[in-house]
Structures are given as structure tokens and as C-alpha cells.
Amino acid sequence: MIDQSHDISLITLYMYQLFRSLAYIHALGVCHRDIKPQNLLLDPETGVLKLCDFGSAKHLVRGEPNVSYICSRYYRAPELIFGATDYTTNIDVWSAGCVLAELLLGQPIFPGDSGVDQLVEIIKVLGTPTREQIREMNPNYTEFKFPQIKSHPWQKNMMATTAETPPCILEKKPQRLRVSIGIASCVAVHFHRPSVGLS
1 MIDQSHDISL ITLYMYQLFR SLAYIHALGV CHRDIKPQNL LLDPETGVLK LCDFGSAKHL
61 VRGEPNVSYI CSRYYRAPEL IFGATDYTTN IDVWSAGCVL AELLLGQPIF PGDSGVDQLV
121 EIIKVLGTPT REQIREMNPN YTEFKFPQIK SHPWQKNMMA TTAETPPCIL EKKPQRLRVS
181 IGIASCVAVH FHRPSVGLS
């Protein structure tokens, strides 16, 4: 299980492996639907990460409805909170972004006490979603009454050492479309620097 005691080089290594794992299962049409630190197994001697617990996983079929009440709360994508049943593997990317943020911050980034509170926590960081964003996440959602809150600069939410962390990983749905490939590439470049390695 991942904890928050690892330095940035190890976090980079672990996230690279997580996104490689997601890229593999997503290519098969499988969505894990419960990405969280407790479902990531580590070998501290080798730095190897394994994705585990596929009890909530499902092969997603376009046009086939899925249950929206899925995924552990702190790592639940906004479209799930809005009750979407036609979601994609993007929900795993959101969850992985929450894991990354938690490793960098040392605590969950969106610690909601309930579904509604979870949405409030997300809005406090990312700002109020627009009507268009809500419709894209769930066309059947008709409640648009949210407090108008501006998003916080990522530099205020992350440590100084994480300035290069791509913010798109926890953006609203459209910006998550290809983030798994992008993050894996960024992490690969970082890890293959001569100065980066396991000690």
C-alpha cells in the first residue's frame, strides 16, 4: 500500500507504473472503478507497484448503463457524483490524480464527508463547474445551483517541489481525455534523468 512518506522520485516512479497499468486495462475496455492508495501494492525493495482489487472493475460497453455509486468517496470523479451512468475509463484517471495529489500533500485533497460535501471540496479547489461541463458529465442532471467559487492556484495546493505537476490531471472531464498517456510520458522523462533513481 502506498503511503505519504515517499520522496518525489519514488512518487514519480510509482505514478508512472500506475498509469502504465491503467493504460493496459483501459486498452482492453476495463475500468477499475476503485483506484485508491489501499489498492496499490508496493515492493519497497524493488520499487515495483501492482494494481490490485478488481472487485469493482467492469468492462465498459458504450450504450450500456453503469452504476454511478461506485469508487471510494475521496477518489470519486465529479461525473459519478452527478449521477452519470454512461461514464468512461476517465473516472480512473481522476482517481489516480487524487492519489497523486494525496502523495504530494500528505493527505487527501478532497476529504468530503458525504457525496454533496465531496462536490463542495472539489469546487473549493477547481472552482464552480459551468452548465456545459455539468451537462457533459451528466446530460440528465438539472440542478445547477452552486456557489460561485474561483479555483485555487495549484501552487497554493501543492508543495513547491511539485511545481511541474501537470494540473490537467484533476481538471473537469474534457481535460482528462488523454491525460493517462500524457502523464505517463512526463513521468517517464522525469524518471529517466541521470540524477533520478532508487537509492
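full-length UniProt numbering applies: residue 1 is where the sequence shown begins, and numbers increase by one.
Glycine included, each C-beta is placed from N, C-alpha and C at the ideal position.
Would you tell me roughly how many angstroms separate the C-alpha atoms of residue 25 and residue 80, rounded to the nearest one?
The sequence position of residue 25 within the sequence shown is 25, counting from 1. The sequence position of residue 80 within the sequence shown is 80, counting from 1. Distance between the alpha carbons of residue 25 and residue 80 is about 20 Å.
Could you give the C-beta distance for residue 13 and residue 47, rounded to a whole number, given that I count them as a contact under 8 Å?
Position 13 of the sequence shown, counted from the start, is the residue given in the question as residue 13. Position 47 of the sequence shown, counted from the start, is the residue given in the question as residue 47. With a Cβ gap of about 5 Å, residue 13 and residue 47 count as contacting.
Beta carbon of residue 51 nearer than 8 Å to that of residue 18
Position 51 of the sequence shown holds residue 51. Position 18 of the sequence shown holds residue 18. Less than 8 Å divides the Cβ of residue 51 from the Cβ of residue 18.
Helix, strand or coil for residue 98? Go by DSSP, reduced to three states.
Position 98 of the sequence shown, counting from 1, holds the residue named residue 98. Note: residue 98 maps to helix in three-state DSSP.
How big is the Cα-Cα spacing for residue 106 and residue 36?
The count along the sequence shown starts at 1 and reaches residue 106 at position 106. The count along the sequence shown starts at 1 and reaches residue 36 at position 36. Whole-angstrom Cα-Cα distance: 14 Å.
Cβ of residue 102 versus every heavy atom of the ligand GTP: is any distance shorter than 7 Å?
Inclusion of the ligand GTP in the displayed structure is not the case, the ligand content being empty and no account of it being possible.
Is it true that the segment 57 to 67 meets the segment 115 to 132, where meeting means three or more beta-carbon pairs spaced less than 8 Å apart?
no
Just list the residues that DSSP pairs residue 59 with in beta bridges.
As a position in the sequence shown, residue 59 is number 59, starting the count at 1. Paired residue(s): 30.
N- and C-terminal bounds of the alpha helix (DSSP H) containing residue 116:
Within the sequence shown, residue 116 is the residue found at index 116, counting from 1. Element bounds for residue 116: 115 to 126.
Can you check DSSP and say which residues form a bridge with residue 67?
Here residue 67 refers to the residue found at position 67 when the sequence shown is read from its first residue. Paired residue(s): none; residue 67 is not in a bridge.
Look up residue 43 in the DSSP assignment and say whether it is helix, strand or coil.
Residue mapping note: residue 43 aligns to position 43 of the sequence shown, counting from 1. Of the three classes helix, strand and coil, the one that applies to residue 43 here is strand, per DSSP.
Beta-carbon within less than 7 Å of residue 31's beta-carbon, same chain only, minus the 5 sequence neighbours each way: which residues are those?
Walking along the sequence shown from the start, residue 31 turns up at place 31. Hits under 7 Å: 57, 58, 60, 89, 91, 92.
Could you spell out the range, first to last residue, of the beta strand (DSSP E) harbouring residue 50?
One-based indexing of the sequence shown puts residue 50 at position 50. From DSSP, the beta strand (DSSP E) with residue 50 extends over 48 to 51.
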